[in-house]
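Read through the structure below, which is laid out as structure tokens, and then see the notes.
Chains as they are written, first to last, in my numbering: chain A, 1 to 95; chain B, 1001 to 1943.
Here it is in structure tokens:
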């Protein structure tokens, strides 16, 4: 429990979460963004390349419930890789 | 086509047709999965990045340094520790496979107890179990019944704790017994008689000009196989085919013998005559150590050796007098030389005398102090000799053992050899066993206490003075186990007997005992004083044991051979280890008996026929393997498969056993094909320098119809030095663990469907009298002109711009065209889904896909490691350094036969090796332009 000890700590969902933390129970989060097991993805390399978080994740700050804004399909990845001159080798992402 | 059918893209059609099969959905269309976060994350663990912890391998008593790679809080790979003097970064096949013990689904997780032997155990809580042990000890102490600890070799903190714990309980010294059934105790016993110091020497193989091994299979067991493999490789690298040699004397062409320049065999049991004959030559022809000896000793030795002139020795041993003379002269003039031994295969009832003779020979040639050094006594925590075990058995049989605490030792695994121990156990009041699995002894124990795995617990390991390896936990305990040392300390506290014991737990004590630098290095390593040893007055003053070997003299002599694939302590190997091909025979998943082809023909049997081996009323049945490198008067069986033949009270460490009778049974089995053919059939695959020169003369200039691949940045390549490779198969296990390759089991293995990406091909050239084994590590050659790429109909395999032949699994549709077209047979096909059942799934490398049924796979040069290093270099803003990328096989290669790097960089090690005059490509005439270069084996000289 970091931020939510102070942020919105009076709301029901956060209180429920705090209770789970107290009880040593882990919440099971549905994944918003998920990649198949055969895909390798490194956040740090994309941050190093100067990509803004919102480029893939949308403006999360303005979302009351986080939703997926990008298709996360291979063609979508490749379009960006080609535009930016990043590697288009299969083994860059396929593991 | 009717116009009212909506237009559907090919991909969309497949998606619909698959009816929701998740594997056919494109990226991003997977069914929503859930993530479960850590409540309190493991310290320092960053998801997606590896942590490395240094510890010590406990699979045998060598004590190699180990580096464990942790991902998301659990260990996924074990490697050597380059900063540790033992192993120096390499592990053997057993060390590589140690991870399967950690995630063994049958590992014990809860204590159990039984009132009487033979009953099934009842599970109980840890508090109850500790209470039960406390009660048993309290009763024993009240009744003044002695408490004993029987453990595997524990040369370090845990051993010291056992001593302190026994002392705290008021027990006299000498009640801790160490059990190591593979320990060559005769060397220590011999040294005690020769020099008056009962310690193990250390050997400097790399410094010797001539190494002579008397049956010491030092690449397979005999103390420290990884360390010795490194040293032998250094000797080879220095020799460059020149003035350094290694000669092996023994009944069988073992893995170690195959690495020698020359293999000599003498009549079983007469090795001692050969050694004494060589000692006589050293004494009379000016051995470097003779002048320093007192005249009286020289006189005694001259008298003792007077009968061993070459002609007499030749008559006993079957070697020619000229060979003996030449070998003796070479030993005298190679300064320094080193004679190793005796090893298991020549250790019969004269083992101690043989050890003494070898020690005297090493003094006469001047090896002692040069290539052979003794540490100052006393040796900490030395393994008990057979005598000490026998002493314990006598004590127990007489009813003088109240409580026996057993710690990772199981003397009941050795067939009838265990009889005495088994009987003695009946007279012990209470037996408590600390173990990871339910072995024979645990099944008879009153209390079974599941210990942590060695990768989860603390200790120190000092295999020799000056080396203190730190065994630290590499992950949180997987199961509800407890560290044995902590349990003993807690029990002592309950008994209020805590003098000299840690005030907290043992774990806390060790956790606070080392600096972060010590832990990162993996131990504390320092030079140590050398102990000067001198011969006693009459070092060979013993009456020679008869060379006659027991048993019916008409039959062949049974020799028990060591194996890297089997734990020393008689435990059955795990599945991964079991599926590794035996380096010498290629057999996996089964025992076997090696017969010389002539012996087999005389019996009317061939490979895979089952024979019955009889000895003194006991018998075993095993399939035959026809071994050209075996004396005709000998049959060889891997030691673990021959325990059924051991007589009551036999020493399981001895290898030269007895004459036996062999009978045909008429039955046969199918053994996994392993190496395939012994013959190269003129294909020139595994070459020597001389053969390469001949082959070069025949070459024509290859022409290509296509331009070369550009490779703008790197061209990854591998060099394999056949002069250094000893065929030990550590690389095979390393690859299997790193790349999530499944174990397929005995049935599929027998059909040749093992999934390993690297294999060791073995060929036997030479004449029947002088077989010449060759080892050829074979993996995907990453060809520039790859035959597999051209035939893939779905573009699943292609050539990357860095020279890798890549395989994209989710594109592969399993036509197997590529497999069919690969001249190196480097590609493997998944015939089945191979489930990784919990908890073995925790060992999976998250950086490598788990392949499914119907997909072809193969060596990737560990592309995940290349990716990792490239990313780090990019983040650091620097180019990739030479040697920074090490595929799993290269990393664990003890003889450094494998070198990986960038062929574009002219200064890289691999580039230099690829342009060496010994360099060639296997099947190079096919113009496949492989990225793997082989270096022909250098000249080996016969004696």
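Note that CB positions come from ideal geometry on N, CA and C, so glycine has one too.
Starting from the beta carbon of residue i, find every residue of chain A whose beta carbon is closer than 8 angstroms, and list them in chain order.
i, result
"residue 1871 (chain B)", "42, 44, 45"
My output table needs one value for residue i: the three-state DSSP class, helix, strand or coil.
i, result
"residue 45 (chain A)", "helix"
"residue 1419 (chain B)", "helix"
"residue 1266 (chain B)", "coil"
"residue 1763 (chain B)", "strand"
"residue 1933 (chain B)", "strand"
"residue 1560 (chain B)", "strand"
"residue 1567 (chain B)", "coil"
"residue 1460 (chain B)", "strand"
"residue 1710 (chain B)", "coil"
"residue 1067 (chain B)", "strand"
"residue 1681 (chain B)", "coil"
"residue 1938 (chain B)", "coil"
"residue 1858 (chain B)", "coil"
"residue 55 (chain A)", "helix"
"residue 1040 (chain B)", "coil"
"residue 1144 (chain B)", "coil"
"residue 1374 (chain B)", "strand"
Starting from the beta carbon of residue i, find every residue of chain B whose beta carbon is closer than 9 angstroms, and list them in chain order.
i, result
"residue 61 (chain A)", "Correct list: empty, because the minimum Cβ distance to chain B is about 21 angstroms."
"residue 30 (chain A)", "1032, 1033, 1034, 1035"
"residue 67 (chain A)", "The premise fails here: residue 67 (chain A) is roughly 12 angstroms from chain B at the closest Cβ pair, so nothing lies under 9 angstroms."
Within 7 angstroms (strictly less), CB to CB, does residue i reach chain A?
i, result
"residue 1806 (chain B)", "yes"
"residue 1794 (chain B)", "no"
"residue 1847 (chain B)", "yes"
"residue 964 (chain B)", "The structure shown has nothing for residue 964 (chain B), since chain B only spans 1001 to 1943."
"residue 1863 (chain B)", "yes"
"residue 1039 (chain B)", "yes"
"residue 1470 (chain B)", "no"
"residue 1013 (chain B)", "Note that residue 1013 (chain B) scores 47 on pLDDT, short of 50, meaning its location in the model is unreliable; the coordinates nonetheless yield the value given after this. Residue 1013 (chain B) does not count as touching chain A."
Residue i versus chain A: which residues are under 7 angstroms apart at the beta carbon?
i, result
"residue 1800 (chain B)", "89, 91"
"residue 1809 (chain B)", "38"
Are the CB atoms of residue j and residue i within a distance shorter than 7 angstroms?
i, j, result
"residue 1471 (chain B)", "residue 1462 (chain B)", "no"
"residue 1320 (chain B)", "residue 1314 (chain B)", "yes"
"residue 1343 (chain B)", "residue 1266 (chain B)", "no"
"residue 1800 (chain B)", "residue 1788 (chain B)", "no"
"residue 1738 (chain B)", "residue 1834 (chain B)", "no"
"residue 1938 (chain B)", "residue 1723 (chain B)", "yes"
"residue 1455 (chain B)", "residue 1102 (chain B)", "yes"
"residue 1491 (chain B)", "residue 1556 (chain B)", "no"
"residue 1598 (chain B)", "residue 1252 (chain B)", "no"
"residue 1675 (chain B)", "residue 1586 (chain B)", "yes"
"residue 1929 (chain B)", "residue 1784 (chain B)", "yes"
"residue 1827 (chain B)", "residue 1818 (chain B)", "yes"
"residue 1702 (chain B)", "residue 1589 (chain B)", "no"
"residue 1107 (chain B)", "residue 1436 (chain B)", "yes"
"residue 1433 (chain B)", "residue 1112 (chain B)", "no"
Counting only Cβ pairs nearer than 9 angstroms, list the residues of chain A close to residue i.
i, result
"residue 1632 (chain B)", "Simply none; closest approach about 53 angstroms."
"residue 1867 (chain B)", "40, 42, 91, 92, 95"
Just checking: is the beta-carbon of residue i within a distance shorter than 7 angstroms of some beta-carbon in chain B?
i, result
"residue 2 (chain A)", "no"
"residue 34 (chain A)", "yes"
"residue 26 (chain A)", "yes"
"residue 95 (chain A)", "yes"
Taking residue i as the query, report the chain E residues whose CB atoms sit under 9 angstroms from its CB, ordered along the chain.
i, result
"residue 1875 (chain B)", "Considering every chain present, this structure includes no chain E. Its protein chains are A and B."
Would you list, in sequence order, the uninterrupted beta strand (DSSP E) runs of no fewer than 3 residues that lie entirely inside the stretch 1245 to 1316 of chain B?
1245 to 1249, 1262 to 1264
Give, in chain order, every unbroken run of the beta strand (DSSP E) that is at least 3 residues long and sits entirely within the stretch 1648 to 1692 of chain B.
1656 to 1659, 1661 to 1668
If you scan the stretch 1094 to 1168 of chain B from start to end, which runs of the alpha helix (DSSP H) of 4 or more residues do you find wholly inside it?
1099 to 1102, 1126 to 1142, 1157 to 1168
Quick one: complete alpha helix (DSSP H) runs, 4+ long, within the stretch 1501 to 1567 of chain B?
1506 to 1511, 1516 to 1521
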